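Have a look at the structure below before the remarks.
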């Protein structure tokens with residue numbers, strides 16, 4: 022039986038994910054013999070539902086939520102021998118993976134864009150024992166994202182993240198880190214650290230290095246200086262697609278990364294906008310580990 026489990030996070034983004042349930046189920050019934058809808062009530066539910074779908078050998082999982090929901094789903098199936106294919110209906114604030122896969126932002130269009138005849142194997146990352154789909158990061162901007170409440174996300178969306186980020190940037194201190202990778206190492210002061218499976222942030226191509234989503238490698242960017250001028254120059258380099266050419270940025274392309282704090286500071290790693298483990302951590306990029314459905318307009 023070709024069945025699909027729909028996992029809806031009603032609290033994602035502006036809390037309107039439930040509104041598209043009927044339209045989504047109607048569309049899915051054209052391609053699947055059974056559609057099972059699960060609605061999350063708390064953090065961790067999406068992970069448990071996804072694990073259930075893998076263990077019961079569902080053909081596919083449909084994520085209706087934001088990047089955090091996808092993160093939970095990927096974590097739920099990442100350690101399973103059988104992993105259902107995943108399709109994404111963006112309903113969160115950032116929807117970064119959906120943008121990378123060129124899934125339409127408007128949900129009614131996103132639903133119609135899937136004919137379930139095209140897939141792609143993509144990499145994911147594992148940070149200690151937690152999965153992430155695009156980014157693992159350390160710095161004042163990721164920290165600010167954790168401080169945004171569900172109410173703020175509902176009413177202000179990305180503006181809430183921007184406000185908190187600006188406040189954190191003004192008062193942040195540098196980290197002292199030891200970063201070891203299979204292609205190089207760095208030890209010293211860090212303003213921001215980003216491990217990125219993609220070379221894009223939304224529609225912004227911030228580097229042309231390591232553009233593949235499926236080669237088992239990630240870009241590792243280390244911004245070494247918190248001064249305003251350095252951040253401005255680095256931002257300008259990112260806008261031109263050459264962030265690695267900024268003088269104060271260390272860049273590696275790696276599959277295995279370890280990060281240790283040198284100053285005894287309790288430092289949290291952000292995974293796709295959600296709080297991850299505390300340092301020290303080991304990160305591994307798993308090559309072509311998850312199979313995702315592509316919209317009909319997707320081009321490599």
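In my numbering, the protein residues as written are 22 to 321. Glycine included, C-beta positions come from ideal geometry on N, C-alpha and C. If you're wondering where the values come from, they're calculated on a predicted model, not measured in any experiment.
Euclidean distance between Cα positions of residue i and residue j
i           : j           : result
residue 45  : residue 150 : 33 Å
residue 49  : residue 137 : 9 Å
residue 76  : residue 70  : 10 Å
residue 246 : residue 116 : 29 Å
residue 311 : residue 140 : 10 Å
residue 216 : residue 239 : 6 Å
residue 72  : residue 295 : 19 Å
residue 168 : residue 202 : At residue 168 the pLDDT is 49, less than 50, meaning the model places this residue with poor confidence and gives no usable figure here.
residue 102 : residue 108 : 19 Å
residue 281 : residue 67  : 30 Å
residue 286 : residue 127 : 42 Å
residue 147 : residue 59  : 26 Å
residue 122 : residue 96  : 19 Å
residue 152 : residue 78  : 20 Å
Where residue i falls, given that 16 or more other Cβ within 10 Å makes a residue buried
i           : result
residue 314 : buried
residue 321 : exposed
residue 40  : exposed
residue 114 : buried
residue 63  : exposed
residue 54  : exposed
residue 231 : buried
residue 319 : exposed
residue 65  : exposed
residue 43  : exposed
7 Å Cβ cutoff met for residue i and residue j
i           : j           : result
residue 207 : residue 305 : no
residue 199 : residue 283 : yes
residue 275 : residue 241 : yes
residue 291 : residue 84  : no
residue 118 : residue 142 : no
residue 74  : residue 105 : yes
residue 56  : residue 25  : yes
residue 134 : residue 317 : yes
residue 309 : residue 233 : no
Reference residue i; option with closest CA among the options
i           : options             : result
residue 23  : 152, 31 and 52      : 52
residue 307 : 294, 277 and 58     : 277
residue 94  : 145, 317 and 131    : 145
residue 111 : 60, 102, 99 and 89  : 89
residue 87  : 106, 80, 79 and 120 : 120
residue 243 : 233, 205 and 221    : 205
residue 366 : 273, 228 and 288    : Shown here, the chain extends from 22 to 321; a query on residue 366 therefore has no answer.
residue 91  : 293, 309 and 299    : 293
residue 228 : 237, 273, 82 and 27 : 273
At 4 residues or longer, what runs of the alpha helix (DSSP H) sit wholly inside the region 72-108? 88-99
Segments assigned beta strand (DSSP E), at least 3 residues, entirely inside the region 121-152: 140-148
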